[in-house]
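Colleague:
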Amino acid sequence: MVYLSLQVEEGKLTELKVTDRAQGTLSLDTALGDVKSKPLNLRDLEQAIDQINRLQSNNTKMEIIPGNQPGESIVVFDNDPSKRWNGYFTYDNKGQDSTGQNQAALGLSLDNPLGLNDLFSVTYNRSLPFKINHTDSYSGSAMYIIPLGYNTFNFSASRSEYDTTLETDFNQLLSHGETTTFSGKIDTLLHRGLNNQFRMNAGITAKDTEAFLEGVKLGVSSRKLSVFDLGFSYSDMILSGLVNVNVGYAKGLKIFNALEDQSDLSADAPKAQFDKMSYGISYFKGFNWLGQNFSISSSFSGQQAFDTLYGSEQFSIGSLYSVRGFNQNSLSGDHGYAFKNDFSLSKNYDFNGTPIFGRHTLGLDYGKVDNKENSNYVGELSSVSLSTTFNVSNVSLELIATQPIHQSNFMKKQSADVFFSSTFSF
């Protein structure tokens, strides 16, 4: 009789090696943390690869090779990086008539500025032409992101301004607004499985809003708010598609010189120290049908407030990012939800030897908002849209046609519209 004896040893990671074809393009300290001499965990290594390749310039692959002793492993990270800086220029007509419909944007980013798998980026957006008929808007922002194992830290600042005119029976009044925002956030991966992830995110945001009419500051429309956010999200592969579910909680704080609520505020007065919940679910699936590449995506997002909110904290529908077709007339409320659906065809073309990637999408959207105290206010929007996008080398062209289906009776009727966008990446 022959007996087979098996000896099972727990694998340990004894050495990390980096093959970096451009020195200093990746940091294992921030991507992986201290894992040497610990049990080998493939999820730790997968997370490290994600953190490293989060930078557009990195293209890192991983290999596990045997160590000198049984149970020992050596992990080799091989990176073939590209240029560290990237940029884009965009021109579109997706702005609003009141603050400038034609918009131009410039974005620049630098990978690994401190050698920590970090990222620094700046963006600038403004209406064109400048200050035509007192109609103007601009915004600028800066962001810094740094990973640390299963945590990713995000620090950002932004400022925006607008000028517009208000029509009266006798003349025009110049309205001006400014908003400055600072935020710090952390995203933590709590669990990583083969096809699923469970994340937590938390952050604090300080917002300073000022409004002026003919140069006079409007106290009722100017305020400072500080907001704490806490959220959880879960993603998984279900029915051959990607499902993401998220819930969040936000609370107004008194820190950073924020506005403080008076004790005798009425129930219908907006609160600076508010509480609200957010929720959402999305689904994406790609499939082949009749020899063509199709995809479907649906997203449902909403908000439930426990207090009357200031406008910056309300839920909004309209614009090209929620209920498409109402770029000039959006609606906001303390409570609300939006349902967005896309059916897309992706197709490769060839034009005189030049490869072109195209995506053609049919969209159907619906949204609803109302207020906590005013039960008579209910706003609804629905629309259908058709868009096409072509990517040729470093140029992207997009055309969107929108058609409102339904809008609340108190709104100004909006007709069909066409929007375009052109982006040059460098």
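Counting from 1 along the sequence shown, just add 513 to a position and that's the residue number in the working numbering. Every residue, glycine too, gets a C-beta built ideally from N, C-alpha and C.
Three-state secondary structure (DSSP) at T543?
Modeller: helix
Colleague: Whole angstroms are fine: how far does the CA of E528 sit from the CA of N630?
Modeller: 20 Å
Colleague: In chain order, what residues of the same chain have a beta carbon less than 8 Å from the beta carbon of N865, not counting five sequence neighbours either side?
Modeller: none
Colleague: So does the region 649 to 669 actually touch the region 678 to 685, counting three or more Cβ pairs closer than 8 Å?
Modeller: no
Colleague: What is the DSSP secondary structure of A561, reduced to helix, strand or coil?
Modeller: helix
Colleague: How about A670 and S696: are their beta carbons less than 9 Å apart?
Modeller: yes
Colleague: Which partner residues does N759 have in the DSSP bridge list?
Modeller: Looking at the DSSP assignment, N759 forms a beta bridge with S746 and G793.
Colleague: I need the boundaries of the beta strand (DSSP E) containing V916, first residue and last residue.
Modeller: With the sequence shown as reference, residue 916 is identified as Gln, and Val is not the correct amino acid for it. From DSSP, the beta strand (DSSP E) with Q916 extends over V908 to Q920.
Colleague: Do the region 683 to 693 and the region 708 to 726 touch if we need at least three Cβ pairs shorter than 8 Å?
Modeller: yes
Colleague: From G613, D605, R597 and G628, pick the residue whose C-alpha is nearest to that of N621; which is it?
Modeller: One point to set straight first is that residue 621 is Leu, not Asn, in the sequence displayed. Checking every option, the nearest Cα to that of L621 belongs to R597.
Colleague: Which two residues bound the contiguous beta strand (DSSP E) that contains H873?
Modeller: T867 to D883
Colleague: Which residues in the same chain as L778 place their Cβ atom closer than 8 Å to its Cβ, once the five residues preceding and following it in sequence are excluded?
Modeller: Sequence-distant partners of L778 (beyond 5 residues in either direction) whose C-beta falls short of 8 Å from its own C-beta, in its chain, are K784.
Colleague: Would you check if the distance between the CB atom of V897 and the CB atom of G838 is smaller than 9 Å?
Modeller: yes
Colleague: Measuring CB atoms only, is the region 784 to 799 touching the region 752 to 764, in the sense that at least three cross pairs come out at less than 8 Å?
Modeller: yes
Colleague: Am I right that G765 and L743 are in contact with their C-beta atoms under 8 Å? What's the rounded C-beta distance?
Modeller: Between L743 and G765 the Cβ distance is about 13 Å, and since that is not below 8 Å, they are no contact.
Colleague: When we look at the beta-carbon of H919 and count the other beta-carbons within 10 Å, is it buried (16 or more) or exposed?
Modeller: exposed
Colleague: Which same chain residues, not among the five before or five after P594, have their C-beta less than 6 Å away from its C-beta?
Modeller: A535, T538, S570 and N571
Colleague: According to the neighbour-count rule (16 or more other Cβ atoms, all chains shown, within 10 Å of its Cβ), is Q582 buried or exposed?
Modeller: exposed
Colleague: Leaving out five residues before and five after S812 in sequence, what residues of the same chain have Cβ atoms less than 6 Å from its Cβ?
Modeller: Closer than 6 Å at the Cβ level, and outside the excluded window around S812, lie S795 and K853.
Colleague: Can you tell me which residues form a DSSP beta bridge with T665?
Modeller: In the DSSP secondary-structure assignment, T665 is bridged to P660 and D700.
Colleague: For the beta strand (DSSP E) containing M713, name the first residue and the last one.
Modeller: Q710 to L726
Colleague: Return the chain-ordered list of same chain residues with a C-beta closer than 7 Å to the C-beta of A544, the five sequence neighbours on each side being excluded.
Modeller: A561, Q564, I565, N630 and P660
Colleague: Which of helix, strand or coil does DSSP assign to L950?
Modeller: In the structure as shown, the chain starts at 514 and stops at 939, and residue 950 therefore has no counterpart that could be examined.
Colleague: Check for me: the beta strand (DSSP E) holding L858 runs from which residue to which?
Modeller: First-last of the beta strand (DSSP E) with L858: H848 to F864.
Colleague: Quick check: what's the CA-CA separation for W802 versus G876?
Modeller: 19 Å
Colleague: Within the continuous beta strand (DSSP E) that includes R639, where are the two ends?
Modeller: From DSSP, the beta strand (DSSP E) with R639 extends over L632 to S640.
Colleague: My assumption, with CB atoms under 8 Å, is that V915 sits in contact with S909. Please give the rounded CB distance.
Modeller: For clarity, residue 915 is Thr in the given sequence; the question names Val instead. The Cβ separation is near 19 Å, so there is no contact.
Colleague: Are there 16 or more other CB atoms within 10 angstroms of the CB of R556, so buried, or fewer, so exposed?
Modeller: Under this definition R556 is an exposed residue.
Colleague: How many angstroms separate the CA atom of F800 from the CA atom of M750?
Modeller: Computed Cα separation, rounded: 14 Å.
Colleague: What's the call for I578, buried or exposed, on a 16-neighbour Cβ count within 10 Å?
Modeller: exposed
Colleague: In its own chain, which residues sit with a C-beta less than 6 Å from the C-beta of M656, not counting the 5 before and 5 after it?
Modeller: S634 and S669
Colleague: Do you know how far the Cα of Q841 is from the Cα of Q609?
Modeller: 6 Å
Colleague: When DSSP labels each residue in this structure, what does G971 get in the three-state scheme?
Modeller: Outside the shown range of the chain, which is 514 to 939, sits residue 971, and nothing can be said about it.
Colleague: Let me confirm a value: T867 is counted as buried when at least 16 other C-beta atoms fall within 10 Å, else exposed. Which label applies?
Modeller: When all chains shown are included, T867 counts as exposed.
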